[in-house]
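What follows is one structure encoded as structure tokens, with my remarks underneath.
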């Protein structure tokens with residue numbers, strides 16, 4: 245006998261949790277499609293030489309390789325031939341480069357699949373998790389107007405998910421780097437190093453970061469360090485405040501002005517798109533990633549749960565697939581790590597176990613009622629209800645217990661009395677009520693009840 | 245520069261194919277839920293010792309193992325610690341055994357995920373493919389009435405998929421083995437061997453199979469061989485014909501009678517469930533698998549495309565999870581191999597590339613129109629339409645070409661003239677028509693048009 249268990253680092257759900265998770269996936273997908281994004285799925289495995297084009301570092305150490313029994317030995321370069329995706333961005337790059345001539349640009353794709361990372365086993369760290377990504381990819385160029393569309397999608401997604409008030413925060417790499425230039429930090433690598441320090445503000449605090457900046461390795465003057473820190477403190481919620489905050493930054497280098505103009509455009513479009521002012525904020529401390537992003541960057545946080553960190557992040561990049569094609573493919577994208585988010589919401593008590601996806605249990609009182617129960621179940625299904633049929637007569641109490649435990653809301657009873665009257669009795673376990681309804685009216689009645697409750701919740 | 249390409253043996257789709265594929269997945273899921281099945285997802289990887297409990301053979305040779313860079317060496321038993329699922333049945337067994345005390349029985353689950361097999365690279369063979377499974381698992385016992393529910397689900401699935409007329413064919417292991425007993429083939433292993441030969445009728449033909457049966461290794465008399473072949477020739481479509489065919493088989497051993505009674509019950513219930521007579525048939529040549537099934541077995545074929553083979557198969561089994569738990573868990577289940585089916589339908593020209601999931605392109609004629617285009621797009625989205633906005637003004641012809649190439653049906657135009665009149669012009673690329681409609685009526689008009697076309701198709 246072998247103990248049944250999953251490997252560490254995966255999130256496996258019981259059915260009613262899975263229903264709640266599936267509803268989140270469905271909501272995200274529906275919203276992505278509302279904004280005109282097209283579905284893509286890629287294989288879980290890629291050729292190792294295709295997946296690991298970059299000088300790996302952290303990521304490469306976390307990659308899972310895939311081998312069948314016949315080929316457990318390593319390939320010629322010491323690595324197995326196939327490896328599993330660790331994000332959805334590298335597969336997107338490969339996909340767009342491979343299918344370039346069959347795609348229409350700007351290419352708007354969404355992808356919602358699991359990715360794999362050999363993380364150290366630790367609570368809240370997952371080796372398999374869902375990412376829900378959207379990206380818009382341009383050929384040669386992509387208007388910065390797409391930078392404003394993505395926060396509108398994020399806002400719609402999290403409004404629809406209804407997991408609490410949230411703020412989409414953004415910053416801009418050109419604004420940041422232009423500001424650094426203005427402070428005499430003109431050299432690219434030095435900018436990245438400073439950015440890396442700014443990125444640590446959350447964790448290390450201002451005093452420690454300031455100390456580093458004025459220390460030996462950076463050698464900034466105290467004045468410059470203070471100016472950088474003051475800059476990184478800028479926060480402004482909503483269109484008007486953010487525009488005012490941008491105005492108040494004073495004149496800057498051409499790069500700085502370019503970034504500021506792009507941000508102003510984004511703000512204007514967010515207003516035109518009707519995104520509520522409370523949903524977005526300028527936050528000049530956001531650095532995000534290090535080499536990848538070249539324009540706007542986003543992070544999204546739950547107002548009441550800042551400890552969860554960013555629940556949706558992304559930004560603008562210059563060239564998606566330089567390893568695979570000579571075409572220049574700039575883009576902008578965001579990603580939601582849904583497995584981690586779901587786990588954290590559950591930990592914080594913010595997601596409930598869902599009711600069953602089954603709406604109705606058609607009960608069975610005696611053998612003679614079987615055919616009628618089957619036929620009734622089929623009519624309810626044809627009307628759009630999810631129905632389970634009790635196939636063997638059991639004590640009524642047992643059937644009620646079953647429905648209750650399974651989270652099924654309605655139990656339909658069609659005993660002899662009811663059959664003679666042409667009605668059925670309905671137990672509504674959610675409301676704790678029982679009522680009778682003409683059999684011909686049953687489907688419509690239950691659909692209305694279901695819609696009412698959905699509208700309320 | 246690395247050539248962007250997928251590993252062999254995977255099916256990667258372009259967006260409009262993916263939309264068609266996704267619609268099939270959605271249809272299957274919706275139908276599974278209509279019948280009261282609950283969603284389950286399991287991790288792609290299982291612990292090797294959990295996954296490979298059986299004395300592997302073919303399957304074990306096809307298993308993919310998963311290893312991170314840090315642990316490319318083999319585990320203590322010579323195999324890596326984690327392996328990837330090759331079907332959804334073993335993970336179901338592990339899941340039910342692991343979560344036994346948190347599940348409600350009979351446990352009705354559906355699972356639609358990809359599985360992995362190290363198949364030889366060959367056209368039409370996939371190393372990664374979707375399976376869409378449903379199973380009902382009982383604790384200690386499970387009424388054979390569930391055997392009739394599954395064909396009703398299959399019928400609903402393939403009616404909804406609308407890929408052509410189909411027939412759900414079934415046979416019964418008890419009927420078969422009982423019949424063998426009646427012919428003096430009483431010993432279990434010998435029955436399995438004969439079954440294995442019967443299973444080859446399709447490929448080898450009757451004459452070759454007969455030769456084997458009367459040959460040295462089996463040593464059956466010519467009379468017995470003829471009786472077996474005559475039995476395997478029985479086909480009967482629909483309730484009445486199938487009942488009559490069962491009657492005509494004459495009396496048999498207790499096991500035979502048990503199987504026949506169960507089949508009769510299934511037929512009666514299929515009628516009560518309103519499954520059309522043309523959808524199901526008794527076919528006594530079906531053997532399916534070898535040791536696993538113990539009762540009814542199903543295969544489903546497309547009437548016009550028998551060369552595709554079975555598109556949905558399954559049956560009744562005695563005990564799901566004997567490797568993991570002492571509880572007896574009998575069940576009945578079916579599986580659709582959707583990747584292979586989709587590929588075959590496409591090869592046979594039976595699936596079209598879908599229209600885009602994007603319903604509407606809101607065009608943009610000049611810079612001044614941007615805010616109005618964004619606001620209009622949001623109103624259409626709020627009404628339930630999938631909308632892409634043209635974010636930069638381009639020549640109208642270019643925008644139409646884009647919509648056409650992308651498969652977007654409606655292009656909405658709001659030029660100066662239209663704006664002054666409070667109307668928008670709509671190009672319907674599907675019908676090749678153009679019309680004007682009041683802006684306030686636009687969403688409703690497009691929704692009606694969309695529904696009309698869906699109702700037609």
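Chains as they are written, first to last, in our numbering: chain A, 245 to 701; chain B, 245 to 701.
Glycine is no exception: its CB is placed at the ideal position from the N, C-alpha and C atoms.
Bear in mind that the values here come from a model prediction, so they are computed numbers and not experimental data.
Any C-beta of chain B under 8 Å from that of residue 384 of chain A: no
Close Cβ partners of residue 627 of chain B (< 6 Å) along its chain, the five nearest in sequence each way excluded: 687
Rounded distance between the beta-carbons of residue 561 of chain B and residue 537 of chain B, thought under 8 Å: 6 Å
Below-8 Å beta-carbon distance, residue 461 of chain A vs any chain B residue: no
Span of the beta strand (DSSP E), counted from its first residue to its last, around residue 291 of chain B: 289-291
Proximal residues of chain A, C-beta to C-beta of residue 639 of chain B below 9 Å: Simply none; closest approach about 16 Å.
Closer than 8 Å to chain A by CB, residue 544 of chain B: no
Element boundaries [alpha helix (DSSP H), containing residue 435 of chain A]: 432-442
Which of helix, strand or coil DSSP assigns to residue 297 of chain A: coil
Beta-carbon spacing of residue 258 of chain A, residue 343 of chain B below 8 Å: yes
Under 9 Å by beta carbon: chain B residues contacting residue 470 of chain A: Ordered by position in chain B, no residue passes the 9 Å Cβ test against residue 470 of chain A, which lies about 40 Å from the chain.
Residue 689 of chain A: contacting residues in chain B (beta-carbon distance under 7 Å): Under the 7 Å cutoff, chain B gives no residues; its nearest Cβ is about 18 Å from residue 689 of chain A.
Contacts that residue 630 of chain A makes with chain B (C-beta to C-beta distance below 7 Å): 277, 278, 280
Enclosing alpha helix (DSSP H) for residue 513 of chain A [first to last residue]: 498-516
Any non-hydrogen atom of the ligand NAP within 7 Å of residue 433 of chain A CB: This structure does not include the ligand NAP; it has no bound ligands of any sort.
Beta-carbon separation (whole angstroms), residue 413 of chain B vs residue 552 of chain B, contact threshold 8 Å: Incorrect: roughly 14 Å between the Cβ atoms, too far for contact.
Within chain A, partners of residue 342 of chain B - CB distance below 7 Å: 248, 249
Contact residues within the stretch 562-593 of chain A, judged by C-beta distance below 8 Å to chain B: 565, 567, 568, 569, 570
Chain-ordered chain A contacts of residue 332 of chain B [CB-CB under 7 Å]: Those within 7 Å of residue 332 of chain B in chain A number zero; the least Cβ separation is about 14 Å.
Check whether residue 377 of chain B and residue 405 of chain B have beta carbons under 8 Å apart: no
Proximal residues to residue 708 of chain B (C-beta, below 7 Å), its chain only, five neighbours per side dropped: Outside the modelled stretch of chain B, which goes from 245 to 701, sits residue 708 of chain B, for which no answer is possible.
Beta-carbon proximity list for residue 430 of chain A, same chain, < 8 Å, skipping 5 on both sides: 424
Start and end residues, alpha helix (DSSP H) containing residue 483 of chain A: 483-491
Residues within the stretch 410-422 of chain B neighbouring chain A, beta-carbon criterion of under 8 Å: none
Residue 671 of chain B (DSSP reduced to helix, strand or coil): strand
C-alpha gap between residue 576 of chain A and residue 557 of chain A, whole angstroms: 11 Å
Separation of residue 573 of chain A from residue 585 of chain A, as counted between CA atoms: 30 Å
Host alpha helix (DSSP H) of residue 207 of chain B (start-end): Residue 207 of chain B lies beyond the range of chain B shown here (245 to 701); nothing can be said about it.
Below-8 Å beta-carbon distance, residue 372 of chain A vs any chain B residue: yes
Cβ of residue 649 of chain A within 8 Å of any chain B Cβ: yes
Beta carbon proximity, residue 451 of chain A to chain E, threshold 8 Å: No chain E appears in this structure, whose protein chains are A and B.
From B/593, B/253, B/402, residue whose alpha carbon lies closest to that of residue 370 of chain B: B/253
For residue 375 of chain B and residue 514 of chain B, the rounded distance between their alpha carbons: 25 Å
Paired residues, beta bridge with residue 558 of chain A - DSSP: A/542, A/578
For residue 477 of chain B and residue 532 of chain B, the rounded distance between their alpha carbons: 16 Å
Cβ distance (whole Å) where residue 655 of chain A is taken to contact residue 607 of chain A below 8 Å: 6 Å
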